[in-house]
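Sequences listed follow chains H and Y, in order.
Each residue of the first sequence is one higher than the one before, starting from 629 at the first, in the working numbering.
Each residue of the second sequence is one higher than the one before, starting from 629 at the first, in the working numbering.
Glycine included, every Cβ here is placed at the ideal spot set by N, Cα and C.
2 protein chains.
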Amino acid sequence: MILELAEIRIKPGQQAAFDEAITRALTTVMSQAKGMRGYKVNKGIESPERYVLQIFWDTIENHNVDFREGPLFAQWRAIIGPFFASPPFVEHFDLVVKSDGASA
Amino acid sequence: MILELAEIRIKPGQQAAFDEAITRALTTVMSQAKGMRGYKVNKGIESPERYVLQIFWDTIENHNVDFREGPLFAQWRAIIGPFFASPPFVEHFDLVVKSDGASA
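Quick look at the structure:
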C-alpha cells in the first residue's frame, strides 16, 4: 500500500463549505476508485486555509493511471476544484514506521 | 485529539540510517511523551529525501509545551537532528473526515 499526500490551499473564508464538499467528493466519487483503501482529511490550526488530504492506494498506478486518467477524476475535481487557491501539491509515500492503530 | 504534521528533509543518501534513527527516537523517547497517542512516518517516492512525520496528541499544549519545553525534546533532537538538511516545518491540524480504520 502507498500513501498519496496532497497539500491543498483553499480560498479564505470557505472552510465550512469545503469541509462539506470534500467529504461529499470522498464518499460519492473517491469511494468508487479502483485500489482506493482509505482516506483522511485534516485542516490547519495555524494555517486555516491549509488542508492535507491523505489517500491510501494499493498501487501508485491506481492513483496516477486508473484514477487520474479515468472518468472519476473530472467528477472529483468538479466538486472540490472551485475551492482551490492554487493547484494542489501531490506526492506519494511509502510507510517507514507507525504505532499500533495508525493507518499506513 | 490533534495531529502534528512535520515536513522533514534529510541529507541525500542517508535514508536507511534515518529510518532506523527515527524509529528508535519514536520508540525510546517520543513514546514517553505526555498526551502522545500514536505516530506514523512516511518517506517520499518522488522525493526520496522527503519524510512526513505525523504524531497524534491529546492537546496542542502536550506538544508545544510539555514536549518541546520538557526534557525529552533534547533527547529526540539528538537522535534525528543530525540528519536534517533544513529545519523541519511543523504545523497542527484538526480532523475533518476519515474513512473507517484511518487514524485521526
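Per DSSP, cross-strand counterpart(s) of residue i
i, result
"Trp685 (chain H)", "H:Ile630, H:Met664"
"Arg637 (chain Y)", "Y:Arg678"
"His720 (chain H)", "H:Glu632"
"Phe712 (chain H)", "H:Ile638"
Helix, strand or coil at residue i [DSSP, three-state]
i, result
"Arg678 (chain Y)", "strand"
"Gly729 (chain Y)", "coil"
"Val669 (chain H)", "strand"
"Arg705 (chain Y)", "helix"
"Val693 (chain H)", "helix"
Cα-Cα separation, residue i to residue j
i, j, result
"Ala661 (chain Y)", "Ala661 (chain H)", "38 angstroms"
"Ala649 (chain Y)", "Val680 (chain Y)", "14 angstroms"
"Glu734 (chain H)", "Arg705 (chain Y)", "Chain H is shown only over 629 to 732; residue 734 (chain H) falls outside these bounds and no answer can be derived."
"Arg665 (chain H)", "Asn690 (chain H)", "11 angstroms"
"Gly672 (chain H)", "Glu719 (chain Y)", "7 angstroms"
"Ala634 (chain H)", "Thr656 (chain Y)", "30 angstroms"
"Lys726 (chain Y)", "Phe711 (chain Y)", "32 angstroms"
"Phe646 (chain H)", "Gln682 (chain H)", "16 angstroms"
"Gln703 (chain H)", "Gly729 (chain H)", "32 angstroms"
"Ser675 (chain H)", "Ala644 (chain H)", "15 angstroms"
Can you pull out the residues from the region 669–701 of chain Y whose beta carbon lies closer than 8 angstroms to at least one beta carbon of chain H? Against chain H - using a Cβ distance shorter than 8 angstroms - the residues of the region 669–701 of chain Y are Val669, Asn670, Lys671, Gly672, Ile673, Glu674, Ser675, Arg678, Tyr679, Val680, Gln682, Phe684, Ile688.
Within 8 angstroms of chain H by C-beta, residues of the region 717–731 of chain Y in sequence order: So the list reads Glu719, His720, Phe721, Asp722, Leu723, Val724, Val725, Lys726, Ser727, Asp728, Gly729, Ala730, Ser731, given in the order they occur along the chain.
When you check each C-beta in the region 658–669 of chain Y against every C-beta of chain H, which residues fall closer than 7 angstroms? Gly666, Tyr667, Lys668, Val669
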